[in-house]
Every structure is written in structure tokens, then in C-alpha cells.
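Using our numbering, read the sequence shown as starting at 3 and increasing by one per residue.
From the three backbone atoms N, C-alpha and C, an ideal C-beta is built for every residue, glycine too.
Predicted model only: the values in this text are computed from it and were never measured.
Data first, discussion second: the structure below is written as C-alpha cells.
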Amino acid sequence: MANAKDSILLIGAGNLGEALLDGMLKKGLDVTALVRSEEKMIKLNEFYPSLKVEISKKTIDIGGKTVILAVKPGSFYDIEFKGMAKLLVSVMAKIYIDDLKLNVNAQSYIRAMPNLAARCEKSVTAVTGSHAAKAEALALFESIGKSVWVESEDELNIATALAGSAPAFLAIVAEALTDGAVRAGMKRGVAEEMTKGLFDGFAALLENSHPARIKEEVMSPKGTTAAGIFELEKDGVRASFMKAIEAAYLKASK
């Protein structure tokens, strides 16, 4: 992977960019961050006193660097790139590799889709692009969690729906479960704490068991789980989640 002597240029430090920055700095990588405002520069310097932060200019010199593009897709075309990057990594949705090649010179091109869990180094990041840079790109995103190589940008769009958008879907699940417990009579603080523990424990179970197997182990004849699952199936919850993934994928593909 990139090592401490490599020069990494992070362009953009919003929620995702800042999460990437945090992970890379913890790995001891040499990162320079380009941001759009002095306010953002001051904020980053407060959190990371040794970080090199600069205000982004219209023309950016990328010669010989590993460049991570974490700007909003609409801002990409406003930037002029000077020189040839060693590696260009884009975490922008809807900007395809062919579009990157038309606007940026680089030896290798990578697209990746992390998710918000990068904040706590638990992102699962789909990665695709130049096979020559595969190992370096996968290792780079392991600084914020797990990384998975996919063979096409279409699969990356699916990953955008699954890993990128689904944290919002799971947030709705967590909120609904908590509200359900409150509706049944539990104090909200207790319900929230139990829901957090539930998600943490379930993630550990999922590491070693198939979802269907977990359901089977919990669901006993005429039991409480069976009653609850019947209501979920009756309301089409499973189909709703499948439709949500499809809708997000189609949006990411356009």
C-alpha cells in the first residue's frame, strides 16, 4: 500500500473526505488536504495540528502524487489539473473512469465507494479500476475498514446502493425498533441503548453465520419472533428493502 513516504493529496474534506483523512493519518501516511474555505482549514488544523492543509485553487498540481478526489461531483469539472498523478482515486458518485481520463492525467485510475462508517474505521469499500493499482487501492481503503474489489463500474453502482446508501436504511430500522419498544412501554433511553447493543452484537453474528441461519436459530415454533416476522412479511418489508436497493442503484447509474 501507500507508505509513510508517499505523497497523498486529498482534494475535498467533507464528511467522507474527513473520515478518509482520519484513517490515513492513523496509518502514518503523508497527506496534504486541499479544502475550499479558511473555516474548514482552521477546523482541520485544530483536530490534526501536524496536518498540511491548504486552500484549494482553481488549478491543482498533481504531478507524481497519489490523488484522492473527494469533492462533490458537480465541483469536479470546475477544477483544472496540472501534471500527471501517480494514481488517481475517486470517491465521487456518477463520475465514471472515462470521464476522469478526459479531465485528469494519471498513470492509473481507481474508483471507490466507502460509506459513512469510515468515521469509525468500519467502512466496507467497493473498489474498481486499473488492475495495476489494485493492491495499493485496496490497502489504502483498509485504513478505514474493509475493502472489496469489484470487476466493473456497474457493480460499483450496486455497491453504492448497498454499502453507500444502506446505512440510511439501517438507521430507519434502528429508529423503528427503538420506537417500537417505546410504544410497548420501554423508556426511550433504555430502548436506544438496547438497540445500539443489538446492532453491535448482530454484526458479530453476521461475521460467522448466514442471515437465514441466524433467523432460524432465533425463531421457535409459535414464539415471539415468529409472530413478529409474520407481521414484517405481511407488510412486505423484505420486498421494500429490495426495492430500495434497486432504486438507489438506478439513481447511481444515471
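Measuring alpha carbon to alpha carbon, tell me which of the options ends up nearest residue i.
i             : options                       : result
arginine 121  : Glu144, Lys136, Asp101        : Glu144
threonine 60  : Thr68, Phe78, Ile70           : Inspection of the sequence shows that residue 60 is occupied by lysine rather than by threonine. The candidate whose alpha carbon is nearest that of lysine 60 is Phe78.
leucine 140   : Leu27, Glu155, Met115         : Met115
glycine 85    : Lys45, Pro75, Ile62, Ile97    : Ile62
alanine 246   : Ala165, Glu219, Ile231        : Ala165
glutamate 157 : Gly66, Lys224, Arg240, Leu252 : Leu252
tyrosine 111  : Asp80, Glu56, Lys67, Ile146   : Lys67
histidine 133 : Val152, Gly191, Lys124        : Val152
leucine 200   : Ala186, Ser222, Glu177        : Glu177
Should residue i and residue j be called a contact, given that it needs their Cβ atoms to be closer than 8 Å?
i            : j              : result
leucine 12   : leucine 36     : yes
aspartate 32 : serine 9       : yes
leucine 18   : valine 129     : no
leucine 89   : glutamate 138  : yes
valine 126   : lysine 96      : no
glycine 25   : isoleucine 146 : yes
valine 91    : valine 69      : yes
Three-state secondary structure (DSSP) at residue i?
i             : result
isoleucine 57 : strand
lysine 1      : Because residue 1 is not part of the residues shown, which for the chain are 3 to 256, the question remains open.
lysine 217    : helix
alanine 257   : This structure does not reach residue 257, given that the chain is present from 3 up to 256, and the question cannot be answered.
glutamate 82  : strand
valine 293    : Given a span of 3 to 256 for the chain in the structure shown, any question on residue 293 remains unanswerable.
serine 242    : helix
valine 73     : coil
glutamate 209 : helix
glutamate 248 : helix
serine 255    : helix
lysine 236    : helix
isoleucine 64 : coil
My assumption, with CB atoms under 8 Å, is that residue i sits in contact with residue j. Please give the rounded CB distance.
i           : j             : result
glycine 1   : isoleucine 99 : As displayed, the chain neither begins before 3 nor continues past 256, which places residue 1 out of reach and without an answer.
alanine 250 : threonine 162 : 7 Å
alanine 72  : alanine 15    : 7 Å
In chain order, each beta strand (DSSP E) run of at least 3 residues that lies wholly inside the region 13-62
32-37, 54-57
Contiguous alpha helix (DSSP H) assignments of at least 4 residues, all confined to the region 84-147
99-105, 136-143
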